[in-house]
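Structure, as structure tokens:
Residue numbers (my numbering), protein chains in the order written: chain Z, 1 to 233; chain V, 1 to 524.
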């Protein structure tokens, strides 16, 4: 259970960072491409499609039960953080180059511009769902709970962004806060992956150990491999 | 539920949820005068609702063998129906809340409706996906389907519906789509024939009641949101123009509100000045030959009408983001000639983007009767970066003249970016070349200018001659201690802005928008 809580906590932070990026990036792109309804729709649609594509990519990766989904999640968060840290500069450069383009090429450039981070963001939910379903075999509960913590993080970010962060830190500062969160999430996910790996290595070694230990020792070893004890190992 | 059905239900649910969000965004923007903080709080309430809804749905999904079970579709159909009816009631909830406590309490209605809408996705995933090694992959398809539906909702509702129908019709259409989805789930559910027909009949009656009740439940929603506590049974707008670009309303006294914020009055009379229109005439006092003028923002058309008739103006280019104003201007005799004036070219575009895309254009004067500095995205037209952009589009001796809406931050920014500045009431004129509010030019403008062939002042009348002298004397206020409605030198503007703790506005810090997150305005 504590292992799962660990996952929920980092996914909440991940959702917080993602929404913060979305708010700032939209602002930045609106300043470049305009706030008329065509630009707004174009940018919002590009974000959504990126998330959708990311979801499929994450789902495809998670199909193979041997793939270390937590490690992949950690790398995805690292990637989001790295892109996020450089994002505003990238937008400005691309914006200068593409400003004179007509609607369709502008949509394609905007789509490609937000494709990298949004694909990474979109892949996180299927990766973690795969991780939890391997453990509890309950899709609705896994999706519901992960979606809950991630969206809750986004809800907090939305309120915090307008009440505190944007006013105090501006766009650059807000993006830095988000990137810092991504790096933290990446690190915590990596730690969770290492612990889960060690636990499964111990599980695999268990039959051999069991042959040479007493009943009490066996019970203690088994307990140490349950999800609730992951944080102790 | 089969996996294919799960994909379709997820897409339609996404379409409905995003369509409602767009609807609610339009409503809260109007009720809050476009406060950026209001949108953030709407999004927070919406996401919080989605989060709680998905959590509750997750808690319901305890059984591990629901995937493929069509009996569950009954529960999902009932759930979808309730979610839609409640979501349909959110807009009226904003109207009800506005009358009593302004818009914030209505966020609770947003959260509740979003919670119900948000619970649909996990339920669909649970009933449509088997808990095997492919769960992550299959979830991704359901999620993608939901996102495609959401994107379609954003495109169709935001782009098509808003141009075709008023808010109440769109609310009804979305609710009916939701009821149709519930009907489809009843059709697919495993249940006795009699119960199925009862389900269809119930949904059909509900849809009919909803359609019939809409005119009453959504009655004068824009009036309720604008007049708030002052809304009465007699409150009614003169005009309402709803397009995909926004909502424009006109009160009975001719005051125009764009997106719920005061936008001016359809009035060009300097003699009976109800909207500070003398500030538009003042362009002629500051620039000796304003031949080529750019105006960003058209609104009621009153400013463009005056500027296009200023002595010496040969070409006026107006960039307006909302085409709905053209529809409005055509209805008012005082300004409708603007639409056929050969000197005037009206472009529908974002002002900043248009400037960026026209590097070859140079103007003698750039005029912006900018909206309130605290409204969302106002920074785009007030920041240092924008002012630097305008600088490159000014001809030698050119002037940028725009409304600071009394923001010290904006005044300081303008007077810092440009070496020459003069405040005119709540406007500021800035330039790279020296200029002044020339008293004699001012007198000449006031005595020679005609609007649609009629002198702006009838100097045959004594009271109008006296009024002329009062107006001309305005040029002397620059030598007096600064007052809010007078002229003020650059040095004085900067000193007073610094004393007030003003900051330089940049695209990055967005100071005017975030200096005060929540503001509540007195109804008109």
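The beta-carbon is built from N, C-alpha and C at its ideal position, and this holds for glycine as well.
Keep in mind it's a predicted model, so treat the numbers as computed, not measured.
Along the chain, where does the beta strand (DSSP E) that runs through residue i open and close?
i: residue 117 of chain Z; result: Premise fails: residue 117 of chain Z lies in the alpha helix (DSSP H), 103 to 136, not in any beta strand (DSSP E).
i: residue 396 of chain V; result: 394 to 403
i: residue 427 of chain V; result: 427 to 431
i: residue 246 of chain V; result: 246 to 250
i: residue 292 of chain V; result: 292 to 296
i: residue 243 of chain V; result: 239 to 243
i: residue 124 of chain V; result: Taken as a continuous stretch (DSSP letters only), residue 124 of chain V belongs to no beta strand (DSSP E), being part of the alpha helix (DSSP H) at 106 to 128.
i: residue 348 of chain V; result: 344 to 348
Starting from residue i, trace the alpha helix (DSSP H) both ways and give me its first and last residue.
i: residue 265 of chain V; result: Per DSSP, residue 265 of chain V belongs to no alpha helix (DSSP H); it is in the beta strand (DSSP E), 261 to 265.
i: residue 315 of chain V; result: Per DSSP, residue 315 of chain V belongs to no alpha helix (DSSP H); it is in the beta strand (DSSP E), 315 to 320.
i: residue 329 of chain V; result: 324 to 329
i: residue 516 of chain V; result: From DSSP, residue 516 of chain V is part of no alpha helix (DSSP H); its letter is neither H nor E.
i: residue 20 of chain V; result: 3 to 31
i: residue 332 of chain V; result: From DSSP, residue 332 of chain V is part of no alpha helix (DSSP H); its letter is neither H nor E.
i: residue 280 of chain V; result: 278 to 281
i: residue 94 of chain V; result: 90 to 101
i: residue 59 of chain V; result: 36 to 60
i: residue 74 of chain Z; result: 69 to 98
Let me know the secondary structure DSSP gives residue i once reduced to three states.
i: residue 423 of chain V; result: strand
i: residue 484 of chain V; result: coil
i: residue 457 of chain V; result: coil
i: residue 64 of chain Z; result: coil
i: residue 383 of chain V; result: coil
i: residue 436 of chain V; result: coil
i: residue 361 of chain V; result: coil
i: residue 407 of chain V; result: coil
i: residue 489 of chain V; result: strand
i: residue 310 of chain V; result: coil
i: residue 451 of chain V; result: strand
i: residue 190 of chain V; result: coil
i: residue 218 of chain V; result: coil
i: residue 151 of chain V; result: helix
i: residue 476 of chain V; result: helix
i: residue 11 of chain Z; result: helix
i: residue 77 of chain V; result: helix
i: residue 303 of chain V; result: helix
i: residue 212 of chain Z; result: The predicted model places residue 212 of chain Z with a pLDDT of 44, which falls under 50 and marks its position as unreliable; any figure quoted below should be read in that light. Correct three-state label for residue 212 of chain Z: helix.
i: residue 162 of chain V; result: helix
Would you list the one or two residues that DSSP bridges to residue i?
i: residue 369 of chain V; result: Note: residue 369 of chain V sits in no beta bridge, so no partner.
i: residue 255 of chain V; result: V:265
i: residue 203 of chain V; result: In the DSSP output, where bridge partners are listed per residue, residue 203 of chain V has none listed.
Which residues in the same chain as residue i place their Cβ atom closer than 7 Å to its Cβ, once the five residues preceding and following it in sequence are excluded?
i: residue 88 of chain Z; result: 28, 171, 172 and 175
i: residue 112 of chain V; result: 49 and 86
i: residue 59 of chain Z; result: 126
i: residue 497 of chain V; result: 408, 411 and 412
i: residue 156 of chain Z; result: 16
i: residue 119 of chain Z; result: 50, 53, 54 and 57
Write down the C-beta distance between residue i and residue j rounded to the nearest angstrom, noting that I regard them as a contact closer than 8 Å.
i: residue 235 of chain V; j: residue 263 of chain V; result: That pair is no contact at about 19 Å.
i: residue 35 of chain V; j: residue 518 of chain V; result: 7 Å
i: residue 47 of chain V; j: residue 158 of chain Z; result: 6 Å
i: residue 52 of chain V; j: residue 115 of chain V; result: 5 Å
i: residue 365 of chain V; j: residue 290 of chain V; result: 5 Å
i: residue 270 of chain V; j: residue 302 of chain V; result: Not really, about 11 Å apart at Cβ, beyond 8 Å.
i: residue 370 of chain V; j: residue 378 of chain V; result: 7 Å
i: residue 311 of chain V; j: residue 448 of chain V; result: 6 Å
For residue i, collect the residues of the same chain with a Cβ closer than 8 Å to its Cβ; drop the 5 residues on either side in sequence, then sort them by chain order.
i: residue 215 of chain V; result: 168
i: residue 92 of chain V; result: 217, 218 and 221
i: residue 110 of chain Z; result: 29, 33, 42, 43 and 46
i: residue 78 of chain Z; result: 182, 183 and 186
i: residue 5 of chain Z; result: none
Report yes if the C-beta of residue i is less than 8 Å from at least one heavy atom of the ligand HEM; otherwise report no.
i: residue 448 of chain V; result: Although the ligand HEM was asked about, the structure shown includes no ligands whatsoever.
Excluding the 5 residues flanking residue i on each side, which residues of the same chain have their C-beta closer than 6 Å to its C-beta?
i: residue 486 of chain V; result: 477
i: residue 430 of chain V; result: 400, 414, 418 and 421
i: residue 444 of chain V; result: none
i: residue 507 of chain V; result: 383 and 385
The region 370 to 390 of chain V: positions lying closer than 7 Å to chain B by Cβ: In the structure shown, chain B cannot be found, because the protein chains are Z and V.
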